[in-house]
Amino acid sequence: MKNTDILARTAQLAHLADSQVMDNPRVGAVLVHDGRVIGEGYHQRAGEAHAEVNCLASVREEDLPLIPEATLFVSLEPCCIKGRTPACTGLILREKVRKVVFAQRDTTDEVSGRGAAILREAGVRVKEYPDFTPTELTNRNRMIFTTEQRPFILLKYARSADGFLRPKDRSKKYWITNDISRRLVHRWRTATNAVIVGARTIIEDDPKLDSRFFPGPDPRPVILDLHDRLSGREKVFSDGRIRPLVFTGRRPAKMKADTVEIKEKDLNKKALKKIMRKLHELKFSHVTVEGGATTLEAFLSKGLWDEARIFTGPARFGHGLHAPTLPASARLLRSDRIGTDLLEVFQPSRVSEG
Ligand code: AOF
Ligand code: ZN
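The numbers in full-length UniProt numbering rise by one with no breaks, and the one at position 248 of the sequence shown is 248.
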């Protein structure tokens, strides 16, 4: 097997990680002895084991003596600093791995090139493939997080067949999408760090904003309550498994949540900047804005979005609250039928890949 074929497997493994890696890169590792894979692993969660650690931990007892004769393939240069976890170079030397093949250099200053140098100085044979860049390793979340100092922003909403977010008569119960779409949304929620909504959505829909219809972690509810309208008795504060984060003008706010004071009374540039700074500080590399109209419009009008997923259900409301419109320059990436619903995925016109 060619080295790049095995690196392709490390990339596949890296790709299994979701946004729980937070600001860390996605990384996969494979240990090969004499053409046979004896270990595999990937980095799953910020602050937890790196790919190399999980890979070496997966080696079966009877294969342990083979480690010094095996080659460790990693999609990223092994780290040489003690971050939230110990340095992988230390582990590699301790386990007496003598051959390492990796694809990309770590972009972290203290690691870039040094991880490889430390291994070489200790007598490990190291081979790099900097030109190996399969799509699984392109990590837009991380790129946006590091270059723009904000998370990747996904917009998600559902509209009626005639373009409304909700009917005029709010007393009537209404539902736009079907159960499969709803489960899909919960699945997406397991792969995002936060679900952002305006206070009005909390008051009118009283959602829990969790991912109970799909196995996986819940996102953190982030609520924009610039007009201090929440009472603290809404479901998201009592039923939720994750403590919400509320941006509010009131301080201290009486609710079971962490609060960030915000003076602006509407979602202008300054307010959005403050919100982004906080999300970046929390190391959120992926967030989802789920509504309502005002909140979605604010992000859209400032061009602050990276992808939009829009459901269109079969119901017609006739009158109501209009769904936001994407700029004419938005590009349709995909369009899928989900039973009675249509799901369309858009990107802003210019998207840098990375
Ligand atoms: C690796 N293997 O699987 C990952 C690496 O704070 P920590 O402990 O997670 O360490 C962060 C550093 O490790 C940083 O340089 C980041 O780019 C790198 N991530 N390194 O050897 C892995 N996820
Ligand atoms: Zn590491």
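For glycine and all other residues, C-beta sits at the position ideal for the given N, C-alpha and C.
If you drop the 5 nearest sequence neighbours on each side, which residues of the same chain put their C-beta closer than 8 Å to that of residue i?
i: Ser349; result: Pro327, Ser329, Ala330, Arg331
i: Gln149; result: Met276, Arg277, His280
i: Asn178; result: Gly313, Ile338, Gly339, Thr340, Asp341
Which residues share a DSSP beta bridge with residue i?
i: Gly291; result: Val197
i: Ser335; result: Glu344
i: Arg309; result: Lys156, Val345
i: Phe73; result: Val30, Val101
i: Arg9; result: Answer is none; Arg9 lacks a bridge partner.
i: Gly39; result: Leu31
i: Val246; result: Ile223, Thr259
i: Phe164; result: His322
i: Lys127; result: Val101
i: His286; result: Phe152
Looking only at its own chain, which residues have a Cβ that is under 6 Å from the Cβ of residue i, when we skip the five neighbours before and after it?
i: Asp23; result: Phe145, Lys283, Ser285
i: Gly216; result: Thr190
i: Gln347; result: Glu307, Arg331, Leu333
So residue i packs on residue j, CB below 8 Å; how close in whole Å?
i: Asp63; j: Ile38; result: 4 Å
i: Ile202; j: Leu230; result: 6 Å
i: Val27; j: His15; result: About 10 Å separates the two Cβ atoms, so there is no contact after all.
i: Leu154; j: Glu307; result: 5 Å
i: Ser211; j: Arg189; result: 4 Å
i: Arg250; j: Asp228; result: 5 Å
i: Val21; j: Arg36; result: The pair is not a contact, with the Cβ atoms about 28 Å apart (cut-off 8 Å).
For residue i, collect the residues of the same chain with a Cβ closer than 7 Å to its Cβ; drop the 5 residues on either side in sequence, then sort them by chain order.
i: Glu95; result: Leu56, Ile67
i: Ser160; result: Ile176, Gly313, Ala315, Arg316, Phe317
i: Ile6; result: Val30, Val32, Phe73
i: Pro134; result: Ala8, Ala11
* Asked: Are at least three pairs of beta-carbons, each pair with one atom in the segment 114-123 and one in the segment 140-149, less than 8 Å apart?
  -> no
Q: Would you check if the segment 83-102 and the segment 121-138 touch, i.e. whether three or more CB-CB distances between them fall below 8 Å?
A: yes
inquiry  = Under 8 Å, with one C-beta from each stretch per pair, do the segment 220-234 and the segment 195-203 reach the 3-pair mark?
reply    = yes
Exercise for the section: Would you check if the segment 252-263 and the segment 168-175 touch, i.e. whether three or more CB-CB distances between them fall below 8 Å? Expected result: no
*Given 8 Å as the limit, is there contact between the segment 28-47 and the segment 63-75, that is, 3 or more CB pairs closer than that?*
yes
Q) If we count Cβ pairs, one from each stretch, closer than 8 Å, do we get three or more for the segment 295-303 versus the segment 203-212? A) no
Could you name the residues, in chain order, whose CB is less than 5 Å away from a heavy atom belonging to the ligand ZN? His50, Cys79, Cys88
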